[in-house]
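Beneath this line is the structure, given in structure tokens, with notes to follow.
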Amino acid sequence: YQRRVRGQLIEARMNHGVKRGAGKALSSQEQKELDEKIAIYRSSISTLNNKKAEKQFDLEGFEATARLLEHNTDYFTAWNFRRECLLSFFKTMDQAKLEEILKKELTFTEKRIGQNPKSYWVWHHRKLLMEWLDERKIADWKRELYLCTKLLGLDERNFHCWGYRRFVAAKGNVKLEDEFDFTTKKVEENFSNYSAWHQRSLMLLQLHGKDDAALRAAIDKELELVHNAFFTNPEDQSGWIYLRWLLGVVKPTEEVLKRELQVINDLLDLEKNSKWAKLSKAFLLEKMSNRTDVTMMSEVKSLVNQLKELDPTHVNYYSDWLSNLSN
Amino acid sequence: MELMNGLDEMDKQKVIEWIVSCQLPSGGFGGNIGHDAHLLYTMSAVQVLCMYDAMDRINKENLVTFISSLQKEDGSFAGDEWGEIDTRFSYIAISCLSLLGRLDTINTDKAAEFVLSCKNFDGAFGCVPGAESHAGQTFCCVGALTILGKVDLLDKDLLGWWLCERQVPSGGLNGRPEKLPDVCYSWWVVSSLACIDRLIWIDREKLINFILESQDPEGGGIADRPDDLPDVFHTFFGVAGLSLMGMEGLSPVDPAYAVSINTLNKLGIKPVQYRK
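In order, the protein sequence lines correspond to chains A and B. Using my numbering, read the first sequence as starting at 69 and increasing by one per residue. Using my numbering, read the second sequence as starting at 12 and increasing by one per residue.
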């Protein structure tokens with residue numbers, strides 16, 4: 069199954085964000101170039117398959133995989149064969165030649181990531197490559213961290229990159245505090261950066277999990293940051309979802325709960341119909357009352373009923389909540 | 012095709028033969044003839060063979076060995092010998108072995124333990140411990156726990172809330188906060204919700220509309236969102252999502268196994284019950 073859209077050969081695969089509509093017809097020059105690319109691709113497949121069959125993990129096979137992966141980073145069998153070649157080179161090549169090939173491999177994977185930053189296969193290949201370099205004590209983890217920072221600058225929500233960054237930070241012995249500061253920077257750049265908030269949820273516990281007082285102090289600072297977020301943009305759900313968790317990491321003191329209630333009420337004075345503020349207030353009151361304080365629980369019910377009107381998409385969520393309260 | 016009661020429009024024998032030729036000596040399946048074995052393609056092979064009731068056509072023992080041998084000490088699963096760990100692979104291993112009736116070949120307690128270790132602050136799941144919550148990974152984890160009979164270990168209200176908040180004003184669902192809606196999440200979010208019996212927490216009519224609007228009226232098929240180019244993946248996810256929501260004319264699909272209830276019945280596996 070093949071379709072030509074705007075001159076690109078679109079194989080039967082997952083398409084995201086590709087508009088429908090008449091692909092423009094190719095000029096004869098463009099068609100010729102495309103046919104040449106296809107011919108090279110097909111001949112590379114033959115080379116790969118022949119080399120695989122003969123278990124010939126040599127330079128010719130290695131180069132053939134490059135021709136394939138340049139067009140298709142998801143050709144996982146080509147990545148596998150490429151790695152078999154590298155493993156074979158470890159045994160047969162001299163140190164200088166090997167280091168040159170490995171350096172080129174870093175560049176090659178960097179280019180593939182640039183081409184397709186969401187391909188699981190490429191990220192895994194780079195991870196394995198870096199582990200091999202680390203075994204030989206020639207891994208540059210600082211550079212890897214810098215590359216992650218660069219890519220997250222272009223796409224702050226790329227979870228492959230965040231995951232790779234966690235791997236790199238661990239291998240490179242990066243200080244937890246420094247990584248925490250990185251997430252602060254990201255959140256302050258954009259309060260909608262859920263990936264950064266998520267990373268903070270991990271790090272709060274990594275940094276202070278064993279010290280109750282330190283954890284509570286850190287949570288207070290987080291709450292301040294979250295307040296900034298929702299006063300800046302009350303529609304932004306990231307901070308609100310994080311808030312719900314913050315109020316449950318440790319059992320909050322009555323003082324903290326009262327303060328949070330005040331902050332949310334302050335916001336509601338400015339934004340009378342903020343769904344997130346009302347929702348969070350309802351969660352908060354439920355927590356504060358422990359479901360026993362009649363006045364608070366009646367306010368919870370009132371808020372949930374208001375939410376049914378304000379947020380009709382989730383009407384059944386609110387109905388289930390109310391049923392639960394009656395039981 | 013099965014969900015649309017159109018399976019007979021394809022050549023069953025040809026499909027089975029081609030799948031059989033994708034099985035490797037290790038027992039796993041590649042994406043195409045001559046490709047290496049990997050759990051991703053093994054999942055598809057197993058599902059199709061189950062639908063066609065043709066499991067006797069392949070080397071079942073090798074298949075079971077291939078899958079079970081990918082489990083690690085911490086309970087996780089690699090996708091193949093190259094060692095990538097991901098909860099997608101936990102789901103695939105558990106689902107396949109369950110369909111094959113061979114869950115006895117893995118450590119299911121450890122498998123569940125690993126899956127649970129991927130749960131985040133928001134109650135949803137990522138690819139590995141510490142990875143950000145994503146609806147696709149959440150389906151894998153919730154599906155895996157459902158098949159293992161451990162879905163009650165989850166805080167269903169918290170998770171259900173995160174999941175139902177994937178619905179955006181246009182009616183479509185996204186996979187994570189602040190991202191664009193995409194038809195494939197009609198499967199991953201909705202099936203997860205069904206497994207924890209909170210499917211009714213999304214607005215069914217609005218989602219059905221979003222999926223139907225994502226059809227290609229000329230060529231057929233369903234795309235990731237309205238006006239985009241369709242493909243088989245989004246067509247499957249769209250149709251399966253519609254089936255989950257009880258759309259008339261479609262055969263009911265099971266939210267944990269992603270195969271029809273008919274197929275599960277033939278295998279003697281009990282489907283998930285949920286409020287529609």
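Beta carbons: idealized from backbone N, C-alpha and C, even for Gly. This structure is a prediction, so every number in the text was calculated from the model and none was measured.
Query                                                                                                                                                                                          : Result
For a contact meaning CB atoms closer than 7 Å, what does Leu270 of chain A contact in chain B?                                                                                                : Gly141
Strictly by DSSP, which residues pair up with Ser271 of chain B?                                                                                                                               : B:Val264
Taking the beta carbon of Gly94 of chain B as the centre, do at least 16 other beta carbons fall within 10 Å, making it buried, or is it exposed?                                              : exposed
Residue range of the alpha helix (DSSP H) that Ile69 of chain B falls in?                                                                                                                      : No alpha helix (DSSP H) holds Ile69 of chain B; DSSP gives it neither H nor E.
Please list the segments of the alpha helix (DSSP H) lying wholly inside the segment 96-128 of chain B, counting only runs of 4 or more residues, in order along the chain.                    : 98-110, 119-127
To the nearest angstrom, how far is it from the Cα of Val31 of chain B to the Cα of Ala56 of chain B?                                                                                          : 9 Å
On the premise that Ala89 of chain B lies in contact with Ile78 of chain B, defined as a C-beta separation below 8 Å, what is that separation, rounded to the nearest angstrom?                : Rounded, the Cβ-Cβ distance is 11 Å, inconsistent with contact.
Between Leu283 of chain A and Val318 of chain A, is the Cβ-Cβ spacing less than 8 Å?                                                                                                           : yes
So, does the CB of Cys175 of chain B fall closer than 8 Å to a CB anywhere in chain A?                                                                                                         : yes
Between B:Gly160, B:His145, B:Glu216, B:Asp214, which has its C-alpha nearest Leu191 of chain B's C-alpha?                                                                                     : B:His145
Assuming contact is defined by CB atoms lying nearer than 8 Å, are Cys175 of chain B and Tyr386 of chain A in contact in what I supplied?                                                      : no
Can you find a C-beta in chain B that's less than 8 Å from the C-beta of Phe158 of chain A?                                                                                                    : no
Who are the Cβ neighbours of Lys217 of chain B in its own chain at under 6 Å, not counting the five residues just before and after it?                                                         : Gly182
Taking 8 Å as the threshold (C-beta atoms), are Thr141 of chain A and Trp189 of chain A in contact?                                                                                            : yes
So with CB distances below 9 Å, who are the chain A contacts of Glu189 of chain B?                                                                                                             : Arg225, Ser260, Asn261, Tyr262, Asp304, Gln305, Ser306
Could you compute how far the alpha carbon of Ser263 of chain A sits from the alpha carbon of Lys123 of chain A?                                                                               : 43 Å
Using Cβ-Cβ distances below 8 Å, what residues of the segment 131-146 of chain A are close to chain B?                                                                                         : Phe144, Thr145
CA-CA distance, Ala267 of chain B and Thr133 of chain A?                                                                                                                                       : 37 Å
Please list the partners that Asp227 of chain B has in chain A, where partner means a Cβ-to-Cβ separation under 9 Å.                                                                           : Arg88
Check distances from the C-beta atoms of the segment 131-161 of chain B to those of chain A and list, in chain order, the residues that come in under 8 Å.                                     : Asn131, Phe132, Asp133, Gly137, Cys138, Val139, Gly141, Ala142, Glu143, Ser144, His145
Could you name the residues that DSSP lists as bridge partners for Ala207 of chain A?                                                                                                          : For Ala207 of chain A, which the question treats as bridged, DSSP gives no partner whatsoever.
What in chain A is Cβ-close to Ile211 of chain B, meaning under 7 Å?                                                                                                                           : Asn384
Near Leu165 of chain B, which residues of its chain fall below 6 Å by C-beta distance, leaving aside the five closest residues on each side in sequence?                                       : none
Can you give me the C-alpha to C-alpha distance between Gln70 of chain A and Asp162 of chain A, rounded to a whole angstrom?                                                                   : Low per-residue confidence applies at Gln70 of chain A: pLDDT is 43, beneath 50, and the placement is therefore not dependable enough to give any value.
Using 8 Å for Cβ pairs, my map puts His266 of chain A next to Glu143 of chain B. What's the rounded Cβ distance?                                                                               : 5 Å
Kindly list the residues whose CB is nearer than 6 Å to the CB of Asp304 of chain A, restricted to its own chain and excluding five residues on each side of it in sequence; keep chain order. : Phe259, Ser260
Measure how close the beta-carbons of Ile105 of chain B and Ala155 of chain B come, nearest whole angstrom, since I'm counting them as under 8 Å.                                              : 5 Å
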